[in-house]
Amino acid sequence: MRVTQSMLSGNMLHNLNNSYGRMSELQDQLNSGSKINRPSQDPVIAVKSMGYRRDLGKVEQFTRNMNEVNTWLDSTDDALSQLEASIHRVHELTVDAANDTKTPADRQAIAEELKQIYKHMQEIGNTEIAGNHIFSGTNTLSPLFKADGKMNTAAELPGINGNVEIEIYEGVTLKVNANVTKMFGNVQNAMTNIIDTIEDDNATGKEIGDLIGLINDETNPDSMRSIVLNEHAKVGALQNRAEIMQDRLDIREIMIKTQMRDNESVDYSKAITEMVTHESIHQAALSVGARIIQPTLVDFMR
């Protein structure tokens, strides 16, 4: 095969162009920090990147869901703590009212404080976050207690016994509300009974004292305190599970980001070394190329 000067020059220019292209690619990598800037540069990396981003998007959504879960559970935990404190105060006042030395006026004053506590309990039952009532089951737009202070029944408030569940992982949901129909129903009945009895001028200290079992009797599973503590324990268990799932999401996010970095991010030390090597090769190619294209017609006529 006859190799002409034109062929040598063309081949040299082709190789120089490839060298420029590779150096341009390395420069883009160093500037952007990414192995590729277009899917066509490496379809395998591009496809993997799409998968990692999809997985990361899911984890980020589940993390946002977990924030909502924690808001619900923390709000419920705080509300039940307030309810327990109120029950403790009701117990103290009822014990005080059971003292036979108390006059009707004294007991009336105690009853007035109990009414305010009961009103506070109703406000706790109507606790809401971001417009959602946390004790109304799945009917979160409606309050548990009506304006007249009476609790809505299941017939009046459909979904009151329903579970509010939030997805926190693929195929995994977590209940975030407490089923409190029995609890607040018990509170309503007990508080009404206690207040009516203490306001009754004919009530004896023993009759009032008998009501203490409705408030704080550990042997009575239907006492106000027992029911609230039981629900509070359930919320605590849900909080523990939420914490475990949050740790799982954090680990998953770290793993995905590590895989993304390994797949996409350029190895700067390797890229710089390769850039320097290509610059040396390119300079050598230019030097050799200058000799190839140097001859003219005059040189061939010598």
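Mapping of the sequence shown onto the numbering used here: position 22 corresponds to residue 37, and the numbering continues sequentially without gaps. Cβ coordinates follow ideal geometry from the N, Cα and C atoms, glycine included. Because the structure is a prediction, the values reported are computed rather than measured.
Supposed close pair residue i, residue j - CB separation, criterion 8 Å
i, j, result
"Met275", "Tyr67", "4 Å"
"Glu180", "Lys190", "5 Å"
"Glu258", "Ser49", "Going by Cβ atoms, the distance from Glu258 to Ser49 rounds to 36 Å, so no, they are not a contact pair."
"Val159", "Ile210", "First, the residue type needs correcting, since residue 159 is Leu and not Val in the sequence shown. Actually they are not in contact, since the Cβ atoms of Leu159 and Ile210 sit about 19 Å apart, beyond 8 Å."
"Asn192", "Ile149", "6 Å"
"Leu5", "Val84", "Since the first residue shown for the chain is 16 and the last is 317, residue 5 is missing from the structure and cannot be characterised."
9 Å Cβ cutoff met for residue i and residue j
i, j, result
"Thr109", "Ile227", "yes"
"Arg240", "His106", "yes"
"His135", "Asn231", "no"
"Asn176", "Thr155", "no"
"Thr153", "Thr91", "no"
"Gln261", "Met81", "yes"
"Ile139", "Leu98", "yes"
"Glu214", "Arg79", "no"
"Ile269", "Asp70", "no"
"Asn194", "Glu246", "yes"
"Leu95", "Val250", "yes"
"Ile113", "Lys221", "Per the sequence presented here, residue 113 reads as Ala, with Ile not at that position. Yes, the pair counts as a contact, with Cβ atoms nearer than the cut-off."
"Asp115", "Thr219", "yes"
"Gln254", "Asp93", "no"
Residues that residue i bridges to, as DSSP identifies them
i, result
"Phe160", "Met166"
"Ile144", "Asn147"
Delimiting residues of the beta strand (DSSP E) encompassing residue i
i, result
"Glu182", "Glu180 to Tyr184"
Residue span of the alpha helix (DSSP H) that contains residue i, given as start and end
i, result
"Lys190", "Unbroken run through Lys190 is the beta strand (DSSP E), Val187 to Lys190; no alpha helix (DSSP H)."
"Ile210", "Thr196 to Glu214"
"Asp70", "Pro58 to Ala112"
"Ile223", "Gly220 to Gly224"
"Gly228", "Ile227 to Ile230"
Member of the options whose CA lies at the smallest distance from the CA of residue i
i, options, result
"Ile125", "Asp277, Ile223 and Ser284", "Ile223"
"Thr212", "Thr78, Ile271, Asn201 and Asp225", "Asp225"
"Asp216", "Lys117, Lys73 and Lys63", "Lys117"
"Val187", "Val243, Ser302 and Phe77", "Phe77"
"Ile242", "Ala112, Leu229, Gln254 and Leu253", "Leu229"
"Thr168", "Leu88, Gly200 and Thr292", "Gly200"
"Thr273", "Gln56, Ser64, Pro58 and Ile51", "Ser64"
"Trp87", "Ile132, Asp57, Ser151 and Pro58", "Ser151"
"Gln137", "Asp89, Gly174 and Thr207", "Thr207"
"Asp163", "Gly174, Tyr133 and Leu244", "Tyr133"
"Ser10", "Ala252, Glu294, Ala205 and Glu40", "Because the chain in this structure spans residues 16 to 317, residue 10 falls outside the shown range and cannot be described."
"Glu185", "Ser284, Ala252, Gly72 and Arg53", "Gly72"
Contact with chain D by residue i, beta-carbon distance below 9 Å
i, result
"Glu143", "Absence of chain D from the displayed structure is noted, only one protein chain being present."
Proximity test, residue i beta-carbon vs the ligand MG heavy atom, cut-off 8 Å
i, result
"Ser101", "Although the ligand MG was asked about, the structure shown includes no ligands whatsoever."
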